[in-house]
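Just below is one structure, and these are the notes that go with it.
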Amino acid sequence: MWFQLQSRKNPLEFAEEIVKEADEYNGFNLIVADLCSKIMVCISNRPKEEPISVQLVSPGLHVLSNAKLDTPWHKVGKQPRCKDLLAQRLRKNFRKLLQKHGEEEIPAKEIVEKLMQDTSKADQDRLPNTGCDPELELKLSSIFVDFDTKLGRYGTRSTTALSVKTNGNVSFYDKYLESGQWKEHAVEYQIDEQMQNNRPQTATADNLNLGLMLHKRTVTVYTVGLLH
Numbered sequence: 007m008w009f010q011l012q013s014r015k016n017p018l019e020f021a022e023e024i025v026k027e028a029d030e031y032n033g034f035n036l037i038v039a040d041l042c043s044k045i046m047v048c049i050s051n052r053p054k055e056e057p058i059s060v061q062l063v064s065p066g067l068h069v070l071s072n073a074k075l076d077t078p079w080h081k082v083g084k085q086p087r088c089k090d091l092l093a094q095r096l097r098k099n100f101r102k103l104l105q106k107h108g109e110e111e112i113p114a115k116e117i118v119e120k121l122m123q124d125t126s127k128a129d130q131d132r133l134p135n136t137g138c139d140p141e142l143e144l145k146l147s148s149i150f151v152d153f154d155t156k157l158g159r160y161g162t163r164s165t166t167a168l169s170v171k172t173n174g175n176v177s178f179y180d181k182y183l184e185s186g187q188w189k190e191h192a193v194e195y196q197i198d199e200q201m202q203n204n205r206p207q208t209a210t211a212d213n214l215n216l217g218l219m220l221h222k223r224t225v226t227v228y229t230v231g232l233l234h
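Using the working numbering, you'd call the opening residue of the sequence shown number 7 and step up by one each time.
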């Protein structure tokens, strides 16, 4: 999910308010960014048995799953030798896009199609030992997931790319599955009015499923589940 908020609080102050009531909600990871102060934070109440955390998000590439930011987790890689496997794959694919486009803006649609629809699987010796069938673990190890189960097809249901430039230009692209058909939705708009008035403009990206990737001004989110 993507929300645009107007507030005089910076992301850290906003996060402090969220922390006070975060234990009242189901598990979530919340990314909050302010274009004026150039501050980005990740608020997480996952796992439930651990204290609620607020992490500053540094420039670069980060991977977020069902745990805290950059924490190894099944799909990200739980064993030490595959800890950064998914992140490495994302970095490799993203560098290819950077080399292709140079200083030009990478289209949000291309980020989804070239970066987040990678079906390559992990090596057998790098699969996490979660107690599940190894064949199932292999199917779940790709960035884009799609396979049959007894309950129906299981896999990636949607992928979203969000690009926010320093001039306030926002590009949003969403590719999602609906009634068995892949559809897409794209939106572009400007938020420079708030920036020109020097009022804090807080943007949040909330992902309650399996993954989120951040790189500089681009946020890529994907969710997985049963395909209906």
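Glycine included, C-beta positions come from ideal geometry on N, C-alpha and C.
| Item | Value |
| --- | --- |
| I'd like to know whether the C-beta atoms of S164 and D180 end up nearer to each other than 8 Å. | yes |
| Enumerate in chain order the residues of its own chain whose CB-to-CB distance from D152 is below 6 Å, with the five nearest sequence positions on each side excluded. | G161 |
| One question on the structure: do F150 and Q130 come within less than 8 Å of each other, judged by their Cβ atoms? | no |
| At a cut of 8 Å, does the segment 14 to 30 reach the segment 45 to 55 through at least three beta carbon pairs? | yes |
| Give me whichever residues DSSP pairs with D152 in a beta bridge. | G161 |
| Is it the case that the Cβ atoms of K115 and A21 are separated by a distance below 8 Å? | no |
| Can you list, in chain order, the residues of its chain whose CB lies under 6 Å from that of S43, leaving out five sequence neighbours each side? | N16 |
| What are the boundary residues of the beta strand (DSSP E) that includes F20? | Element bounds for F20: not the beta strand (DSSP E) but the alpha helix (DSSP H), 17 to 27. |
| If we ignore side chains and look at the alpha-carbon of each, how far apart do E109 and R101 end up? | 12 Å |
| Let me make sure I understand the geometry here. Which of L18, K74, S13, L67 has the alpha-carbon closest to that of F34? | K74 |
| Work out the CA separation of G158 and A128 for me, nearest whole Å. | 23 Å |
| For V63 versus A93, is the C-beta distance shorter than 8 Å? | no |
| Alpha carbon to alpha carbon, how far is L91 from E143? | 14 Å |
| Taking the alpha-carbon positions, what's the E23 to Y195 distance? | 28 Å |
| Excluding sequence positions up to five away, which residues of its chain have a Cβ less than 6 Å from the Cβ of S59? | S50, K74 |
| Would DSSP call N51 helix, strand or coil? | coil |
| Determine the DSSP secondary structure at D212, reduced to helix, strand or coil. | Caution applies to D212, whose pLDDT of 41 falls short of 50 and renders its modelled position unreliable; the value that the coordinates give is listed next. Reduced to three states, the DSSP call for D212 is strand. |
| Starting from H191, follow its DSSP beta bridges and name the residues at the other end. | D180 |
| Since N175 sits in a beta bridge, which residues does DSSP pair it with? | Q196 |
| Taking the straight line between their C-alpha atoms, what separation do you get for T166 and I117? | 9 Å |
| With DSSP as the reference, identify every bridge partner of L142, one or two as the case may be. | L142 is not bridged to any residue. |
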